[in-house]
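*Asks:* Next up is a structure, given as structure tokens.
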């Protein structure tokens with residue numbers, strides 16, 4: 005299903021996006037050496053509930069997971085890149101942490117992810133991974149607009165990732181959002197320009213470039229959810245929800261306040 009929002013629904017989409025962005029920003033500011041992943045999950049639950057939102061993850065039970073997910077946020081550390089199941093782990097100095105959050109608010113879903121390094125140690129490989137996904141995300145957003153095609157976004161994202169020296173996995177990518185978290189169209193992180201669905205005003209897309217340092221192969225953790233790099237290398241993941249408007253693409257998941 006591809007859902008096109010009515011113009012009167014866009015303000016609610018903005019509110020959902022702002023909520024997700026602000027929760028992620030707050031969680032990021034609280035994450036330090038010694039923070040437990042289960043605490044991050046509890047903080048996310050409290051903020052979602054206080055804002056009157058609904059988690060998209062707690063009851064999430066797709067065919068590829070050992071569901072339901074049962075938690076409020078994905079917490080992926082180091083070699084984990086997607087669907088990181090929160091567990092009893094205390095963050096260490098230099099850990100690369102990816103937080104992925106999807107919330108329904110006012111009947112509309114927003115989805116966003118951020119990767120960052122915990123503590124003072126900044127491994128160059130981790131810095132490069134995060135930078136590549138952030139630049140790829142910016143390129144994908146720049147390629148989006150009314151009349152553009154999904155392939156234009158995929159090509160823009162993939163071009164940045166490949167130029168940075170990374171191979172691209174196509175099993176998981178971006179997607180449409182709306183009244184539910186995962187909708188068509190699928191947005192691969194690499195592709196051919198001029199191909200695929202033509203973008204229309206009112207379409208919401210979650211764009212999410214992610215990479216692994218030296219492989220494109222994933223393995224599923226024993227928890228049945230967490231996806232890790234097959235080689236144990238580090239990974240990164242960046243994501244924004246955008247709205248296609250008559251003027252271009254509006255990023256909905258930008259925090260109100262700049263991060264510290």
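Residue numbers (my numbering): 5 to 264.
Where a beta carbon is used, it is the ideal one built from N, C-alpha and C, also for glycine.
#1: Per DSSP, what kind of secondary structure is residue 208 in: helix, strand or coil?
#2: Would you call the CB atoms of residue 252 and residue 195 closer than 8 Å?
#3: Suppose the cutoff is 7 Å on Cβ atoms and the five residues either side in sequence are ignored; what does the same chain contact list for residue 60 look like?
#4: Relative to the C-alpha of residue 246, which candidate in 236, 223, 209, 221 has its C-alpha closest?
#5: Going by C-alpha to C-alpha distance, which of 125, 153, 162 sits closest to residue 138?
#6: Hey, quick one: how far does the alpha helix (DSSP H) through residue 128 stretch, first residue to last?
#7: CB-CB under 7 Å to residue 14, same chain, minus the five flanking residues each way: which ones, in chain order?
#8: Helix, strand or coil for residue 214, going by three-state DSSP, please let me know.
#9: Which whole-angstrom value is the C-beta distance of residue 150 and residue 203, which I expect to be below 8 Å?
#10: Exposed or buried, which one is residue 126 when buried takes at least 16 other CB atoms within 10 Å?
#11: In the DSSP assignment, find the unbroken alpha helix (DSSP H) run with residue 94 in it and report its ends.
*Replies:* According to the structure data:
#1: Strand at residue 208.
#2: Contact annotation: residue 252 and residue 195 have beta-carbon atoms that are not nearer than 8 Å.
#3: For residue 60, where only same-chain residues beyond five positions count, the Cβ hits under 7 Å are 106, 107, 108, 113, 185.
#4: It is 209.
#5: Nearest option by C-alpha distance: 162.
#6: For residue 128, the uninterrupted alpha helix (DSSP H) run begins and ends at 128 to 147, by DSSP.
#7: The beta carbon of residue 14 is closer than 7 Å to those of 247 in its chain, skipping five residues each way along the sequence.
#8: Correct three-state label for residue 214: strand.
#9: At roughly 6 Å, the Cβ-Cβ gap stays under 8 Å, so residue 150 and residue 203 are in contact.
#10: It counts as exposed.
#11: That residue, residue 94, is in no alpha helix (DSSP H); it is neither H nor E in DSSP.
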